[in-house]
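Numbering (the UniProt record's numbering), first residue to last: 1 to 218.
Below, the structure is given as structure tokens:
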């Protein structure tokens with residue numbers, strides 16, 4: 001909303017006073033909204049295929065816009081990547097919050113880990129490896145870690161998660177299955193599930209042994 005002052009005049013042009021008027025800020029043009037959506041879709045596909053080495057020209061070509069359009073919406077390639085990651089993290093966090101509200105406490109955490117590993121294998125790696133993106137997505141990262149603390153506590157109360165594991169521990173482990181599977185040559189695309197199962201078994205209280213070091217924030 002924009003605020004401006006207007007002069008009020010009475011009969012015969014007499015000055016009466018000034019009053020603040022509120023007007024709606026100009027809404028983005030429909031074509032600008034469409035271009036932004038196309039850029040995000042194209043960037044997501046390009047980053048998935050080529051990682052951070054992708055060029056702005058390739059993203060623009062896939063979106064069928066000029067490079068100038070890219071920079072009108074995003075100042076840098078890193079800012080565009082941040083927007084892609086933030087959009088996906090918002091969806092992931094919303095799904096996790098639904099699981100926390102509606103799923104049994106003993107399974108919600110592990111269901112979320114499977115969902116995150118299958119759909120969002122690269123996001124936490126991006127958060128820790130790209131400085132500019134880290135700054136832009138700090139709030140989303142805090143929300144994700146907060147959600148993990150909630151899910152972990154629920155699982156511990158239900159007796160499904162070992163007591164010496166924190167939500168941050170679990171959050172940092174989410175990207176591990178896909179990362180580890182990526183080192184295997186010509187691996188099955190579903191290989192990450194094997195490593196997720198190993199991680200989940202290590203998180204359960206049955207047969208747990210003391211951990212070598214305390215949590216990071218203690």
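C-beta atoms are modelled at their ideal positions from N, C-alpha and C, and glycine is treated no differently.
Determine the extent of the alpha helix (DSSP H) in which residue i is found, giving its start and end residues.
| i | result |
| --- | --- |
| residue 59 | 56-63 |
| residue 150 | 138-157 |
| residue 177 | 176-181 |
| residue 194 | 192-203 |
| residue 103 | That residue, residue 103, is in no alpha helix (DSSP H); it is neither H nor E in DSSP. |
| residue 173 | 167-173 |
When we look at the beta-carbon of residue i and count the other beta-carbons within 10 Å, is it buried (16 or more) or exposed?
| i | result |
| --- | --- |
| residue 167 | buried |
| residue 30 | exposed |
| residue 34 | exposed |
| residue 157 | exposed |
| residue 206 | exposed |
| residue 198 | exposed |
| residue 101 | exposed |
| residue 67 | exposed |
| residue 74 | buried |
Mind reading off the beta-carbon distance from residue i to residue j? Whole number of angstroms is fine, and I expect it under 8 Å.
| i | j | result |
| --- | --- | --- |
| residue 70 | residue 47 | Between residue 47 and residue 70 the Cβ distance is about 14 Å, and since that is not below 8 Å, they are no contact. |
| residue 144 | residue 171 | 6 Å |
| residue 82 | residue 63 | In fact, because the Cβ distance is near 17 Å, the residues do not count as touching under 8 Å. |
| residue 165 | residue 115 | That pair is no contact at about 19 Å. |
| residue 155 | residue 212 | Rounded, the Cβ-Cβ distance is 22 Å, inconsistent with contact. |
| residue 39 | residue 65 | 7 Å |
| residue 80 | residue 140 | Not really, about 16 Å apart at Cβ, beyond 8 Å. |
Taking 7 Å as the cut-off, is the C-beta of residue i nearer than that to any heavy atom in the ligand ATP?
| i | result |
| --- | --- |
| residue 91 | This structure does not include the ligand ATP; it has no bound ligands of any sort. |
| Segments assigned beta strand (DSSP E), at least 3 residues, entirely inside the UniProt domain "HTH tetR-type" (33-92) | With a minimum length of 3 residues, no continuous beta strand (DSSP E) run stays inside the UniProt domain "HTH tetR-type" (33-92).
| Are the segment 184-192 and the segment 99-116 in contact at 8 Å, needing three or more beta carbon pairs? | In this structure the segment 184-192 does not lie against the segment 99-116, because fewer than three pairs of beta carbons, one per stretch, are closer than 8 Å.
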